[in-house]
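Student: Residue numbers (our numbering): 901 to 1516.
Ideal placement from N, C-alpha and C gives every residue a C-beta, glycine not left out.
No experiment lies behind these values; they were computed from the predicted model shown.
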Amino acid sequence: MSERIQALSLFSGAGGLDIGFHQAGYNIQTCVEIDPRYAATLSSNVGHNRYFGNNTEVINQDVTTIDIERFRDVDLDIIIGGPPCQTFSAAGRRAGGVIGTGDARGQLFKRFCEIVEVVRPKVFLFENVYGLPGASGGEPWRAILEAFSALGYHLTYEILDAADYGVPQHRERLILVGTLDKPFVFPLPTHGPDSERETLLYSVRNAIADLQDASEKPSKGPGGLYGHLLPAIPPGLNYSYFTAEMGHPKPVFAWRSKFHDLLYKVDPDYPCRTLKAQPGKFTGPFHWHNRHFTIPELKRLQTFPDEYHIEGSAKVVLEQIGNSVPPQMARVIAEAISDQHLRPCVEGERHKRRPSGFKSSFRTRQRERSKRFKAIAMAEIERQAKDGTLLDEPRIFDERYRLPAKSFFETEKIDINDNVTKTSAEIEVVDRGDTIEISYVASGASAQEGFVQISGLTKYLDRINKIDVRCSLRSPRDIFFLWWVIQDAMIQRSRFFSLIDVYGHYANRGDTVVVEGNYGLGSDRPVNRALEFFLTSSRCGGLWDRKALQAQLEVTEAGLEALVRELRDLRMDIRTDVSHPILGKDRVICTYPFPLLSPKALVVSKARLLGDHATL
901 MSERIQALSL
911 FSGAGGLDIG
921 FHQAGYNIQT
931 CVEIDPRYAA
941 TLSSNVGHNR
951 YFGNNTEVIN
961 QDVTTIDIER
971 FRDVDLDIII
981 GGPPCQTFSA
991 AGRRAGGVIG
1001 TGDARGQLFK
1011 RFCEIVEVVR
1021 PKVFLFENVY
1031 GLPGASGGEP
1041 WRAILEAFSA
1051 LGYHLTYEIL
1061 DAADYGVPQH
1071 RERLILVGTL
1081 DKPFVFPLPT
1091 HGPDSERETL
1101 LYSVRNAIAD
1111 LQDASEKPSK
1121 GPGGLYGHLL
1131 PAIPPGLNYS
1141 YFTAEMGHPK
1151 PVFAWRSKFH
1161 DLLYKVDPDY
1171 PCRTLKAQPG
1181 KFTGPFHWHN
1191 RHFTIPELKR
1201 LQTFPDEYHI
1211 EGSAKVVLEQ
1221 IGNSVPPQMA
1231 RVIAEAISDQ
1241 HLRPCVEGER
1251 HKRRPSGFKS
1261 SFRTRQRERS
1271 KRFKAIAMAE
1281 IERQAKDGTL
1291 LDEPRIFDER
1301 YRLPAKSFFE
1311 TEKIDINDNV
1321 TKTSAEIEVV
1331 DRGDTIEISY
1341 VASGASAQEG
1351 FVQISGLTKY
1361 LDRINKIDVR
1371 CSLRSPRDIF
1381 FLWWVIQDAM
1391 IQRSRFFSLI
1401 DVYGHYANRG
1411 DTVVVEGNYG
1421 LGSDRPVNRA
1431 LEFFLTSSRC
1441 GGLWDRKALQ
1451 AQLEVTEAGL
1461 EALVRELRDL
1471 RMDIRTDVSH
1481 PILGKDRVIC
1491 TYPFPLLSPK
1501 ALVVSKARLL
1511 GDHATL
């Protein structure tokens, strides 16, 4: 192509979308990126016509503060970009973030619209997370479509899997294309069973083959709490290998209690799962040799050019890679847009269009893949059992974190604001076969006794079906340590690592574990009434009508918000639209019938507890 198509890039990130469009014959005139770390990456790769274009300008600025008029008389054929997606993503929701257009980041599409209205390009491309159309009942997505439609553009959108376009990674993205002349038609997949020639999906092994050391041997894993489990997991599976649902005789996790990328080990003969922007010690993808992938390998999986320099520390580099659109997928889409609307090729279009009524087989393949993984898990369990390598007694908490069956402790609780509260109690744990009995008496507690009963544990705890707790608490703040004692009793008699591992993630439960009881705190204060109400598992994990809950807890609307803040200070995971706009103004949810025992609080409190406790 003799003359390049002129493009403006908004929310450019690390440049993945821009690289793909440049590869397709576009000149990226300007990149706008608010994050200085990402802007540094863009700036380090401009100055030549290799990745973006001739004399590409990088503007490190908030797009909402840019004078739009600077673009009015510029010759631009297309505007591309995707506003930050955390407000709409599944990861954002589960990590406790907010979601939807109620968040400031969720309003950035309006600025995108304003720039499109001023420039009036022939085409625009808006990309985002695949969960956007379903967020908040579809209301934000309808608002976005209405805003773009009002500008007079034909709108076409699809959820695409990057693996279907030659990327060695399953990565679903929402792509919306607006055109002035006629509707855009998305290209048929270039790879996979939906492609014209049923070209094989591009595997991880093929993508990084020349980066591998032929002499490399499998490692023992990353160590730590979960790391020793990794070598036993077959390629393609994750933590779910150690669940009863996968057939493991000694499960370590409840089904769907973790993110899918926990201990996820790549099958080298297929594309990997989605790369994440914030990987952790136990967050995959892991190489089939039980190690993290190197940065050069991850760049290959995201289809960044080898020579493309990404600025920043290793953590920042990983974040930029994980947040990027794969350039290879962007290139195919860019070529289709060019051929249909901007620079028709004399030889014809480079990519076959999707026929009318086309339906991707991706979801069907996902279900088939799940069945295949379970078969792999069962076969591996059988093999390990035969050769004596079945990991049937995984390590649990270090012995020094365990409480004696009968003990006294004095320690300090650190709340969410780092405030310290001293507490002390006498505890006794008695194993009576299928039942555990726990006594917890806080020093200075009132005479009123409370109880907690946890049942349906046979699936998770060897022999034990029920835990009966008798407690005398001094204040609501003692609940944190009461539940730590309950957790300690559970994990000492199981292969699980935490309370949530047994209970399951609130959004995916469907198990038999039931929590009921009464703390004996009385009802003189709203926080006491709320704790007593949400102690029962049947009242947790689902949405409550705000006004009905106010009546139940005997608080005003303002009082409810104050109560929520107090409960969250006690580490109860209760949410309203203030913290989670996805809920709407009339909904409240308490996710668990117990406080969240955060790693920070646990580490500090356990260390102090174990330094002070004395066996009676």
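1. For L1357, which residues of its own chain have a beta-carbon under 6 Å away from its beta-carbon, when the five flanking residues on both sides are left out?
2. Assess contact between the region 912 to 919 and the region 942 to 958, defined as three or more Cβ pairs (one per stretch) separated by less than 8 Å. Is contact present?
3. Thinking C-alpha only, which one of L1443, P1255, G982 and M1229 is nearest K1485?
4. Spell out a yes or no on whether the region 1142 to 1149 and the region 1177 to 1190 are touching, meaning 3 or more CB-CB pairs, one atom from each, closer than 8 Å.
5. Check whether the Cβ atoms of V1018 and R970 sit closer than 7 Å, and answer yes or no.
6. Classify M1229 as buried or exposed, calling it buried when 16 or more other Cβ atoms lie within 10 Å of its own Cβ.
7. Per DSSP, Q1202 forms a beta bridge with which residues?
8. To the nearest angstrom, how far is it from the Cα of P1089 to the Cα of D1169?
9. Give the DSSP-derived three-state secondary structure of F1381 in the structure shown.
10. Under DSSP, the alpha helix (DSSP H) around V1023 begins and ends at which residues?
11. Ends of the beta strand (DSSP E) at Y1057?
12. Do H1091 and L1076 come within 7 Å of each other at the CB atom, strictly closer than that value?
13. Quick one: give me the first and last residue of the alpha helix (DSSP H) that S909 is part of.
14. Grab me the residues of F1262's own chain with a C-beta within less than 6 Å of its C-beta, minus the 5 sequence neighbours each way, in chain order.
15. Between the Cα of Q1348 and the Cα atoms of V1329, S1372 and I928, which residue gives the shortest distance?
16. Tell me the rounded alpha-carbon separation between V1016 and I1379.
17. Note down the Cα distance separating N863 from R1272, rounded to an integer number of angstroms.
18. For Q1353 versus G1441, is the C-beta spacing smaller than 7 Å?
19. Do F1186 and K1165 have their CB atoms nearer than 7 Å?
20. Is it buried or exposed, N1190, if we count other Cβ atoms within 10 angstroms and call 16 or more buried?
21. For L1163, which three-state DSSP category applies?
22. Can you list the beta strand (DSSP E) stretches of 3 or more residues lying completely in the region 922 to 953, in chain order?
23. Is it right to say G1000 is buried, meaning 16 or more other beta carbons lie within 10 angstroms of its own, or is it exposed?
24. List the residues that DSSP assigns as beta-bridge partners of L1242.
25. With distances taken between CB atoms, is the gap from V1415 to L1449 smaller than 7 Å?
26. DSSP has C1371 in a bridge; who is on the other side?
27. Can you name the start and end residues of the beta strand (DSSP E) that D1445 belongs to?
28. Return helix, strand or coil for S1355, following the three-state DSSP convention.
29. Is the distance from the Cβ of S909 to the Cβ of I934 below 7 Å?
30. Under three-state DSSP, which class holds F1433?
31. If the criterion is Cβ atoms closer than 7 Å, does the pair Q1202 and I1221 meet it?
32. Where D1477 and E1466 are concerned, what is the direct C-alpha to C-alpha distance, given to the nearest angstrom?
33. Distance, Cα to Cα, Q986 vs D1334?
34. Cβ of Y1139 within 7 Å of Cβ of K1158?
35. Do the region 1419 to 1428 and the region 1397 to 1404 touch if we need at least three Cβ pairs shorter than 8 Å?
36. Contact defined as beta carbons within less than 8 Å: I believe P983 pairs with F1012. What is the distance between those atoms, to the nearest angstrom?
Tutor: According to the structure data:
1. Taking the first residue of the sequence shown as position 1, residue 1357 is located at position 457. Listed in chain order, the non-local C-beta contacts of L1357 below 6 Å within the same chain comprise I1364 and N1365, local neighbours out to five positions each way being set aside.
2. Verdict: yes, contact present.
3. As a working note, residue 1485 is residue 585 in the sequence shown. Of L1443, P1255, G982 and M1229, the residue nearest in Cα terms is L1443.
4. Result no; under three Cβ-Cβ pairs closer than 8 Å.
5. As a working mapping, residue 1018 is identified with position 118 in the sequence shown. As a working mapping, residue 970 is identified with position 70 in the sequence shown. The Cβ atoms of V1018 and R970 do not sit closer than 7 Å to each other.
6. As a first step, residue 1229 is located in the sequence shown; it is residue number 329 there, counting from the start. Buried, by the Cβ-count rule.
7. Sequence index remark: in the sequence shown, residue 1202 carries index 302 (1-based). In the DSSP assignment, no residue is bridged to Q1202.
8. Counting from one through the sequence shown, the residue named residue 1089 turns up at place 189. Counting from one through the sequence shown, the residue named residue 1169 turns up at place 269. Distance between the alpha carbons of P1089 and D1169: 19 Å.
9. Within the sequence shown, numbered from 1, the residue matching residue 1381 stands at position 481. The answer is helix: DSSP assigns F1381 an H, G or I state.
10. In the sequence shown, residue 1023 corresponds to position 123, counting from 1. Not the alpha helix (DSSP H): V1023 falls in the beta strand (DSSP E), residues V1023 to V1029.
11. Counting from one through the sequence shown, the residue named residue 1057 turns up at place 157. Counted as a single uninterrupted DSSP element, the beta strand (DSSP E) harbouring Y1057 occupies residues H1054 to D1061.
12. As a working note, residue 1076 is residue 176 in the sequence shown. As a working note, residue 1091 is residue 191 in the sequence shown. Against a cut-off of 7 Å, the Cβ pair of H1091 and L1076 comes out as no contact.
13. For the purposes of this step, residue 909 is identified with residue 9 of the sequence shown, where counting begins at 1. Looking at the DSSP string, S909 is not in any alpha helix (DSSP H); the run it does join, the beta strand (DSSP E), is I905 to L910.
14. Here residue 1262 refers to the residue found at position 362 when the sequence shown is read from its first residue. Answer for F1262: D1061, listed in chain order.
15. On the sequence shown, residue 1348 is found 448 positions in, with the first residue counted as 1. Answer by Cα proximity: S1372.
16. Stepping through the sequence shown from its first residue, residue 1016 is reached at position 116. Stepping through the sequence shown from its first residue, residue 1379 is reached at position 479. Between V1016 and I1379, the C-alpha separation is close to 54 Å.
17. Shown here, the chain extends from 901 to 1516; a query on residue 863 therefore has no answer.
18. For the purposes of this step, residue 1353 is taken as the residue at position 453 of the sequence shown. For the purposes of this step, residue 1441 is taken as the residue at position 541 of the sequence shown. Not in contact: Q1353 and G1441 (Cβ atoms no closer than 7 Å).
19. In the sequence shown, residue 1186 corresponds to position 286, counting from 1. In the sequence shown, residue 1165 corresponds to position 265, counting from 1. Yes, they are a contact pair.
20. Position 290 of the sequence shown holds residue 1190. Buried.
21. Within the sequence shown, numbered from 1, the residue matching residue 1163 stands at position 263. Shown here, L1163 sits in coil according to DSSP, grouped into three states, outside any helix or strand.
22. At a cut-off of 3 residues, the continuous stretches assigned as beta strand (DSSP E) that sit fully inside the region 922 to 953 are 926 to 932.
23. Here residue 1000 refers to the residue found at position 100 of the sequence shown. Its pLDDT being 38, under 50, G1000 is placed unreliably in this model, and the coordinates cannot settle the point.
24. Locating residue 1242 in the sequence shown gives position 342, counting from the first residue. Per DSSP, none; premise fails for L1242.
25. Working through the sequence shown from its first residue, we reach residue 1415 at position 515. Working through the sequence shown from its first residue, we reach residue 1449 at position 549. The answer is no: Cβ separation not under 7 Å.
26. Numbered from 1 along the sequence shown, position 471 holds the residue referred to as residue 1371. DSSP lists Y1340 and G1350 as the bridge partner or partners of C1371.
27. Residue mapping note: residue 1445 aligns to position 545 of the sequence shown, counting from 1. Segment L1443 to D1445, the beta strand (DSSP E) holding D1445.
28. Walking along the sequence shown from the start, residue 1355 turns up at place 455. Strand at S1355.
29. In the sequence shown, residue 909 corresponds to position 9, counting from 1. In the sequence shown, residue 934 corresponds to position 34, counting from 1. Not a contact, by the Cβ cut-off of 7 Å.
30. Counting from 1 along the sequence shown, the entry for residue 1433 is found at position 533. Helix.
31. Sequence index remark: in the sequence shown, residue 1202 carries index 302 (1-based). Sequence index remark: in the sequence shown, residue 1221 carries index 321 (1-based). It is a contact, given that the beta carbons lie within the stated cut-off.
32. For the purposes of this step, residue 1477 is identified with residue 577 of the sequence shown, where counting begins at 1. For the purposes of this step, residue 1466 is identified with residue 566 of the sequence shown, where counting begins at 1. A direct Cα-Cα distance of roughly 16 Å separates D1477 from E1466.
33. Taking the sequence shown and counting its residues from 1, one reaches residue 986 at position 86. Taking the sequence shown and counting its residues from 1, one reaches residue 1334 at position 434. With a pLDDT of only 43 at Q986, under 50, the local geometry of the prediction cannot be trusted, and the value read off the model is given with reservation. Annotation: Q986 to D1334 spans about 45 Å, alpha carbon to alpha carbon.
34. Position 239 of the sequence shown, counted from the first residue, corresponds to residue 1139. Position 258 of the sequence shown, counted from the first residue, corresponds to residue 1158. Contact: yes.
35. Taking a contact to require three or more Cβ pairs closer than 8 Å, the region 1419 to 1428 and the region 1397 to 1404 do not qualify as touching.
36. Counted from its first residue, the sequence shown places residue 983 at position 83. Counted from its first residue, the sequence shown places residue 1012 at position 112. The pair is a contact, with the Cβ atoms about 6 Å apart (cut-off 8 Å).
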